[in-house]
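Report on one structure; see the data block that follows.
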Amino acid sequence: MLNYIRAELYKLAHRKGYWIFLGVVLALESLLVLGFYMANASGGRLCFEDCVLSVVPQALSFGGYFAIVAGEMVFAGQYKNGTLKNEVAFGLPRWRIYLGKLIVQLTASVLMCLVMVGYYVIACRLATPEAGNAPVMLLLGKSLLAALPVWVGVQGMICACCFLIRGEAAHTIAAVGLYWGLPNLLYFVGILFYRYPAGKWMIEVSEWMPANMLTDTNRYLQEGFAPWLGWMCLVGGVWLAVSTALGLWRFRRKEIN
Amino acid sequence: MDDIVLSTHGLTRAYGRALALDGVDLTVRRGEIYGLIGRNGAGKSTLLRLVSGQSVPTSGSICLFGKTGADLRRERARTGVILEAPSFSPFLGARENLEYYRIQRGIPGQDAVEEALELVELTDTGSKKFKNFSLGMKQRLGLALALMSRPEFLLLDEPINGLDPEGVAQFRALFRRLNQERQTTILISSHVLSELSAVATCYGFLERGRLLEEITAQALRERCQVCLRLQVDDAAKASVIFHIKLGTDAFKVLPDNTLELYDHLDCPQVVSQALAEEGVFLQSMERRGSDLETYFLDLIGGGQNA
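First to last, the sequence lines map onto chains D and H. Each step along the first sequence adds one to the number in this note's numbering, with nothing skipped, and position 210 is 210. Each step along the second sequence adds one to the number in this note's numbering, with nothing skipped, and position 167 is 167.
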């Protein structure tokens with residue numbers, strides 16, 4: 001397994017797209033921070049705490065999309081390029097191929113997350129004054145810690161999409177559809193049938209979907225950190241377990257071209 | 001049993017109601033270069049895909065290096081495979097692609113990459129990415145990957161596709177060298193029967209998912225040998241005439257007063273005259289013999305192209 005993970009990391013490190021994507025995100029972050037700096041230069045009063053904490057809910061939600069991108073980068077079109085056959089033909093067990101890719105997807109995502117968040121925090125700290133009115137790093141750390149299990153769950157779902165759906169565009173659409181489309185669909189259908197128990201149930205379920213769990217930081221404010229973390233772990237764990245079990249089961253006998 | 005590298009027993013693969021392979025019993029022995037011959041859609045690639053684990057049999061079994069069932073997968077590490085078009089990450093070069101698989105397969109030492117590239121004469125690609133490779137270069141890289149782990153058994157599906165004549169000759173020489181120096185057993189499927197006949201020591205003929213025949217190159221040569229086939233009224237007397245009057249022992253007596261003469265092929269009139277002079281009645285005489293392609297076409301029962 002270690003060899004498999006090392007090989008995947010080697011491939012990822014040689015993939016220009018990964019570094020370009022990271023570069024683009026860092027450039028956009030730089031533009032945002034430059035905007036804060038310019039606003040302050042024009043008489044604004046944006047402090048470090050505002051700049052960091054105001055973007056946390058969006059950042060957590062975006063993390064789900066970044067997970068999709070990282071998943072695609074690691075899977076690297078193996079069906080399109082026909083490279084899975086080289087791995088299977090050498091006798092590598094399919095579970096190792098599947099879990100190896102998943103572990104590397106998670107590693108790549110965490111590394112991306114650390115670089116993006118770290119860069120943003122440092123840039124904000126350099127560009128804006130500290131007001132000292134909130135424990136920024138503690139809140140940020142707690143938010144990231146709570147988001148991590150859900151991101152891992154989303155990653156598991158993306159990995160399953162990559163392995164089970166051959167077309168590159170098709171598995172991206174499926175992943176985005178499950179992450180973003182499904183909760184919205186459930187919510188809107190729920191509203192349409194709100195008079196019926198099924199409608200209320202759909203709205204309830206949509207609130208427990210990863211995309212909504214990541215944006216709904218009210219739970220933290222209302223219930224406290226530990227229950228929030230618990231719910232996030234539960235949702236992420238269920239998504240990871242279900243998608244990985246389904247992915248491994250279906251990939252076990254999948255025809256590889 | 002140790003002598004057998006690969007055997008399949010009743011190997012069947014169905015896609016819906018269509019049978020791509022139908023009860024194939026094939027045997028590849030250690031040290032052989034086994035030529036797998038069949039038309040498009042005969043089941044050659046399906047067979048190789050099943051052996052290499054890309055597809056799962058509907059029924060039947062595969063035995064690789066004496067192992068079957070759950071143990072079969074581990075034995076695949078002793079094989080090298082080129083299946084259909086060689087496939088690699090398009091954004092990596094030749095060395096990076098091989099290095100990726102070297103790490104993944106736990107092959108010690110970076111020399112393995114260079115050695116494999118040297119074997120297929122692909123050391124000068126520089127930083128060129130796989131997506132920009134010619135078909136021949138892709139084929140060479142595919143073979144380099146197959147050889148990198150020093151396999152005991154090579155499975156090659158159309159390995160000379162896209163190669164120029166020089167490349168074809170190099171591959172042919174390489175296969176012979178691997179077979180003789182490293183005792184690598186090789187199974188090659190190819191449409192280019194002339195090339196196959198230059199290296200194969202054994203053949204298997206597939207048609208519509210069924211293995212029609214397995215035959216050694218020696219036996220095939222004998223069957224395809226050019227000869228004069230004669231039907232006479234007294235085969236015993238004719239054989240004495242061949243021996244004494246024509247001075248040759250290169251003939252075979254077959255049932256029904258039939259003989260095959262492998263000598264005097266360019267002067268059949270001498271043969272008929274010798275028989276007539278000794279009072280042997282010659283009922284018919286024809287020149288027979290074929291090459292691998294004709295043999296294959298005869299076997300599948302038609303003049304359709306291989």
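All C-beta atoms in this analysis are idealised placements derived from N, C-alpha and C, irrespective of residue type, glycine included.
Cβ of residue i within 7 Å of Cβ of residue j?
i, j, result
"H/Ile33", "H/Ile186", "yes"
"H/Val308", "H/Val56", "The requested residue 308 of chain H does not occur in the structure, where chain H is confined to residues 1 to 306."
"H/Thr12", "H/Gly23", "yes"
"H/Gly279", "H/Leu21", "no"
"H/Thr184", "H/Leu206", "no"
"D/Gly64", "D/Tyr179", "yes"
"H/Tyr340", "D/Lys85", "Past the boundaries of the shown model lies residue 340 of chain H; chain H is included only from 1 to 306, so the question cannot be answered."
"H/Leu204", "H/Leu193", "In the sequence on display, residue 204 of chain H carries Gly and not Leu. No. Outside cutoff."
"H/Leu122", "H/Ala94", "yes"
"D/Gly236", "D/Pro149", "yes"
"H/Pro90", "H/Lys131", "yes"
"H/Ala146", "H/Val199", "no"
Let me know if residue i comes out buried or exposed under the rule of 16 or more other beta-carbons within 10 Å of its beta-carbon.
i, result
"D/Thr244", "buried"
"H/Thr294", "exposed"
"D/Lys101", "buried"
"D/Glu271", "Within the shown structure, residues of chain D are numbered from 1 to 257, placing residue 271 of chain D beyond reach of any answer."
"H/Asp233", "exposed"
"H/Leu50", "buried"
"D/Ser61", "buried"
"H/Phe296", "buried"
"D/Gln222", "exposed"
"D/Met1", "exposed"
"D/Tyr98", "buried"
If you draw a straight line from the C-alpha of residue i to the C-alpha of residue j, how long is it?
i, j, result
"H/Thr216", "H/Ala77", "27 Å"
"H/Ser52", "H/Ile37", "18 Å"
"H/Gln231", "H/Lys44", "40 Å"
"D/Cys162", "D/Met209", "20 Å"
"H/Leu163", "D/Gln58", "54 Å"
"H/Gly167", "D/Thr107", "42 Å"
"H/Phe88", "D/Asn81", "6 Å"
"D/Pro135", "D/Leu234", "27 Å"
"D/Cys47", "H/Gly109", "54 Å"
"H/Leu117", "H/Leu26", "32 Å"
"H/Glu114", "H/Asp157", "24 Å"
"D/Leu138", "H/Leu143", "55 Å"
"H/Arg150", "H/Thr68", "22 Å"
"D/Ala41", "D/Ser143", "30 Å"
"H/Gln139", "H/Leu178", "17 Å"
"H/Val226", "H/Pro255", "19 Å"
"H/His264", "D/Asn257", "54 Å"
"D/Gln112", "H/Leu119", "Note that residue 112 of chain D corresponds to Met in the displayed sequence, not to Gln. Using only the alpha carbons, I get a separation of about 40 Å."
"H/Leu275", "H/Gly289", "22 Å"
"H/Gln304", "H/Asp291", "The predicted model places H/Gln304 with a pLDDT of 45, which falls under 50 and marks its position as unreliable, so this point remains unresolved."
"D/Thr172", "H/Ser59", "35 Å"
"D/Arg6", "D/Ala175", "26 Å"
"D/Leu246", "D/Ala170", "18 Å"
"D/Phe66", "D/Ser109", "7 Å"
I need the DSSP call for residue i, collapsed to helix, strand or coil.
i, result
"H/Val5", "strand"
"H/Gly303", "Only weak support exists for where H/Gly303 lies, its pLDDT of 46 falling under 50; the value from the coordinates is given anyway. It is coil, neither helix nor strand."
"H/Gly35", "strand"
"D/Val69", "helix"
"H/Gly142", "helix"
"D/Thr107", "helix"
"H/Val56", "coil"
"D/Arg250", "helix"
"H/Leu72", "helix"
"H/Ala200", "coil"
"H/Arg210", "strand"
Output, in chain order, the set of chain D residues within a Cβ distance shorter than 7 Å of residue i.
i, result
"H/Phe91", "Arg15, Lys16"
"H/Ile103", "Asn3, Arg6, Ala7, Tyr10"
Give me the chain D residues within the contact set of residue i, using Cβ-Cβ distance strictly less than 9 Å, ordered along the chain.
i, result
"H/Val81", "Lys85, Asn86, Ala89, Phe90"
"H/Arg76", "Val88, Ala89, Phe90, Gly91, Leu92"
"H/Glu96", "Tyr10, Lys11, His14"
"H/Tyr34", "Near H/Tyr34 there are no residues of chain D at all, since even the closest Cβ is about 18 Å away, more than 9 Å."
For residue i, which residues in chain H fall below 7 Å Cβ to Cβ?
i, result
"D/Ile256", "Gln54"
"D/Ala76", "Ser89"
"D/Arg253", "Val56"
Starting from residue i, find everything on chain H with Cβ-Cβ shorter than 8 Å and list it in chain order.
i, result
"D/Pro93", "Arg73"
"D/Asn81", "Ser87, Phe88, Ser89, Pro90"
Below 8 Å on C-beta distance, what does residue i contact in chain D?
i, result
"H/Leu145", "Asn86"
"H/Gly106", "Asn3"
"H/Glu99", "Tyr10"
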